[in-house]
Structures are given as C-alpha cells and as structure tokens.
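In full-length UniProt numbering, the protein residues as written are 1 to 103. C-beta atoms are modelled at their ideal positions from N, C-alpha and C, and glycine is treated no differently.
Put into structure tokens, the structure is as follows:
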C-alpha cells in the first residue's frame with residue numbers, strides 16, 4: 001500500500017468518473033467537429049455557386065459593355081453620315097437657289 005501511495009503521488013491516475021467525463025467531452029467535441037465540417041462544406045459549396053454566378057454576370061456585363069460600345073460607334077458613324085448628307089443637301093440647295101436667281 002505504501003508503494004502504491006508513492007506511485008500515486010508521482011502519477012495521478014484519473015478516477016472512473018473523470019474518465020467518463022473526459023470521454024463524454026471528447027464525444028461532444030467530435031460531434032461539434034463533425035457539424036463544423038458539414039457547415040464548412042455547405043459554405044464552400046455556396047461560395048463556389050456564388051462565384052460561378054458572379055463570373056457569369058461579369059461575362060454578361062462585359063458583353064453588354066462591348067455591345068454598347070459597338071452601338072455608340074455605329075451611332076457616331078451614322079451621325080457623321082447624316083452630317084455629310086446634310087452638307088450635300090445644303091450644297092444642292094445653294095445650287096438650286098443660284099439656278100433660280102439666274103433665271
């Protein structure tokens with residue numbers, strides 16, 4: 001008994017209740033870890049989906065910007081053509097006025 005007391009003083013062995021409580025705590029922590037992993041996986045999936053949606057929207061936006069730029073360029077070309085036609089029409093109008101005054 002004396003040797004056992006000496007050993008116990010050097011090595012503190014847990015009681016049955018302490019072992020049961022530690023085992024219970026480990027099980028609770030393992031469950032929490034499992035739930036945490038599930039939540040992490042769900043969040044990762046949601047993030048991947050949102051990232052994909054973001055990339056699709058970004059591509060649509062880029063396409064819309066390119067289309068808008070094309071429309072602006074075409075509009076400017078049409079405006080230049082109309083301006084040229086207007087100048088030609090004004091020249092013809094002047095020529096017509098000169099012909100009228102000469103007769």
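The DSSP-derived three-state label of residue 103 is coil. DSSP places residue 12 in no alpha helix (DSSP H); its state is neither H nor E. Here the C-alpha atom of residue 3 lies approximately 22 Å from the C-alpha atom of residue 16. Taking 9 Å as the cut-off, the Cβ atoms of residue 14 and residue 22 count as close. If you draw a straight line from the Cα of residue 40 to the Cα of residue 29, it comes to about 16 Å. Linking residue 65 to residue 59 through their CA atoms gives a straight-line distance of about 10 Å. One alpha carbon belongs to residue 89, the other to residue 74, and they sit about 22 Å apart.
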